[in-house]
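S.K.:
This is how it looks when you write it as structure tokens:
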């Protein structure tokens, strides 16, 4: 599949590399047509790896990963262009982290709204699926590095889009029983609210390579 | 030990009953000296079970559980009386759930502040320890009903108070490795932020008898 990954940070590069490994053609998008980090990534990932502007990438991808910083997302997606994203699945991995007030960061939007919803409202013709945003990127693309099953959430308004995204998650190593569809895009308020506890568990334990598992009593 | 439980809802009664079972003397506090729910609870729990106003209970308890509704907490604790709570450990199990805008509830305070901090600021002479607020009350007092270990968080400014609370949690069945001290009371922003995801997992699965487990990679 032709996949766009917006964002050349650690999350974008990690996901883009995994997609290449799985045989996809991947265009890494950034603010400029040539980007140093994208260049380095291409050097390691062969002929299926390319780069371009956010608009180039959005045009290229049949599916688009949003791995840009939460507070910049809406601006980046405008640069990507509503016409280039129209009708496509946007897999939103971002979190609205605001580190302007020190560490740990707070959330720029939360509780009665979410970044996932803001994106869906700003781009009504895009099928936004929020997922993978509740963990470190190493686990996103390699959940089997953990000694037990854990959970990954999906939020979105389009059932077919969520089914497609589940297929991609499966190819990353996620098992069917680990994937929990929370419902429509408003449920992103739930998954984005994981960040405040994630950050504090990380600070208390010193280990960011963890994920949460839902352990339920037998009914 | 003499323990006060403020609040006669499901959480208060569940914790109060467990404390009686463990041999403590427990006074259940409410707005009035005689309360129907407290009466029913006393009927089932023998001579160590008593009731009273919030102030009666706060005066009685060496340790005080706050199991009142989050949005009413500060008012209830004023009724309990700063002089009655002075120097004592207040185990804050509450969450600032606001259901005035429909279901699922949002949080009345979140992100850059927390109810735990609000209580600590309003009652500087009380040792507030936030804990147990991230799960259904059945699991709070019986964590072994789950098929695996899970996690319970502690937030508070006083190390000795947290050690005492850990002892109480241990008597409820929590194992040492399940208890995670997140740090000072500002980390209650983390545990209170579990509610938005807890509610959505509950709505998606239909089962509230679950808890989250931190699964970490070997370092």
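Chains as they are written, first to last, in my numbering: chain A, 260 to 478; chain B, 260 to 478. Heads up, the beta-carbon is just placed ideally off N, CA and C, and yes, glycines get one too.
1) Would you say residue 270 of chain A reaches chain B, if we count a Cβ-Cβ gap shorter than 8 Å as a contact?
2) Cβ of residue 478 of chain B less than 8 Å from any chain A Cβ?
3) Nearest to residue 381 of chain B by CA position, among B/427, B/339, B/433 and B/262, is which residue?
4) Please go through the same chain and pick out, in chain order, the residues whose beta-carbon is closer than 6 Å to the beta-carbon of residue 281 of chain B, but skip the five residues on each side of it.
5) What first and last residue would you give for the beta strand (DSSP E) that runs through residue 289 of chain B?
6) Could you have a look at residue 393 of chain A and say whether DSSP puts it in helix, strand or coil?
7) Round the Cβ separation of residue 391 of chain A and residue 399 of chain A to the nearest angstrom and send it over; I've been treating them as touching at under 8 Å.
8) Thinking C-alpha only, which one of B/460, B/367 and B/351 is nearest residue 357 of chain B?
9) Report yes or no: do the segment 347-354 of chain A and the segment 277-293 of chain A share at least 3 C-beta pairs separated by less than 8 Å?
10) Between residue 474 of chain B and chain A, is there a C-beta pair that is closer than 8 Å?
11) Is it true that the segment 325-343 of chain B meets the segment 412-421 of chain B, where meeting means three or more beta-carbon pairs spaced less than 8 Å apart?
12) By a C-beta neighbour count over all protein chains shown, 10 Å radius and 16 as the cutoff for buried, is residue 362 of chain B buried or exposed?
13) From the beta carbon of residue 390 of chain A, is the nearest beta carbon of chain B less than 8 Å away?
14) Quick check: is the beta carbon of residue 362 of chain A nearer than 8 Å to any beta carbon in chain B?
15) Residue range of the alpha helix (DSSP H) that residue 319 of chain B falls in?
16) What does residue 371 of chain A reach in chain B if we use C-beta pairs closer than 8 Å?
17) Counting only Cβ pairs nearer than 7 Å, list the residues of chain A close to residue 448 of chain B.
18) Under the rule that 16 or more other beta-carbon atoms within 10 Å means buried, what is residue 345 of chain B, buried or exposed?
19) Report yes if the C-beta distance between residue 272 of chain B and residue 288 of chain B is below 8 Å; otherwise report no.
20) Could you pull out every residue in the same chain whose Cβ sits closer than 6 Å to the Cβ of residue 266 of chain A, ignoring the five residues on either side in sequence?
21) Since residue 409 of chain A meets chain B, which of its residues come closer than 7 Å, beta carbon to beta carbon?
22) Between which two residues does the beta strand (DSSP E) holding residue 224 of chain B run?
23) Within a Cβ cutoff of 8 Å, which residues of the same chain sit near residue 384 of chain B, ignoring the five residues on either side of it in sequence?
24) Name, going along the chain, the residues of the segment 287-311 of chain A whose beta-carbon falls closer than 7 Å to a beta-carbon of chain B.
25) Does the distance from the C-beta atom of residue 393 of chain A to that of residue 457 of chain A stay below 8 Å?
26) Between the C-alpha atoms of residue 275 of chain A and residue 470 of chain A, what's the straight-line distance to the nearest angstrom?
27) Is the shortest distance between the beta-carbon of residue 375 of chain A and the beta-carbons of chain B less than 8 Å?
28) Looking at chain A, is there any beta carbon in it that lies within less than 8 Å of the beta carbon of residue 404 of chain B?
29) Residues of chain B with CB closer than 9 Å to the CB of residue 458 of chain A, please, in chain order.
30) Going along chain B in order, which residues have a C-beta closer than 8 Å to the C-beta of residue 468 of chain A?
31) Whose CA, out of B/445, B/474, B/443 and B/427, lies closest to the CA of residue 279 of chain B?
32) Taking the continuous beta strand (DSSP E) assigned at residue 442 of chain B, which residues delimit it?
33) Taking only beta-carbon positions, decide if residue 471 of chain A is within less than 8 Å of chain B.
M.R.: Let me spell this out:
1) Under the Cβ criterion of 8 Å, residue 270 of chain A is not counted among the residues facing chain B.
2) yes
3) B/339
4) 430
5) 284-289
6) coil
7) 5 Å
8) B/367
9) No, they do not touch.
10) Yes - at least one Cβ of chain A is within 8 Å of the one on residue 474 of chain B.
11) no
12) exposed
13) no
14) no
15) Its alpha helix (DSSP H) spans residues 313-319.
16) 360 and 365
17) Contact annotation for residue 448 of chain B against chain A: 455 [CB-CB distance below 7 Å, chain order].
18) Sixteen is the threshold: since fewer than 16 other Cβ atoms of the shown chains lie within 10 Å of the Cβ of residue 345 of chain B, the residue is exposed.
19) no
20) Closer than 6 Å at the Cβ level, and outside the excluded window around residue 266 of chain A, lie 326 and 327.
21) 474
22) Nothing about residue 224 of chain B can be read from this structure; chain B reaches only from 260 to 478.
23) 341, 344, 345 and 346
24) none
25) yes
26) 21 Å
27) Taking Cβ atoms only, chain B never reaches closer than 8 Å to residue 375 of chain A, which makes this a no.
28) yes
29) 449
30) 475, 476 and 478
31) B/427
32) 438-442
33) yes
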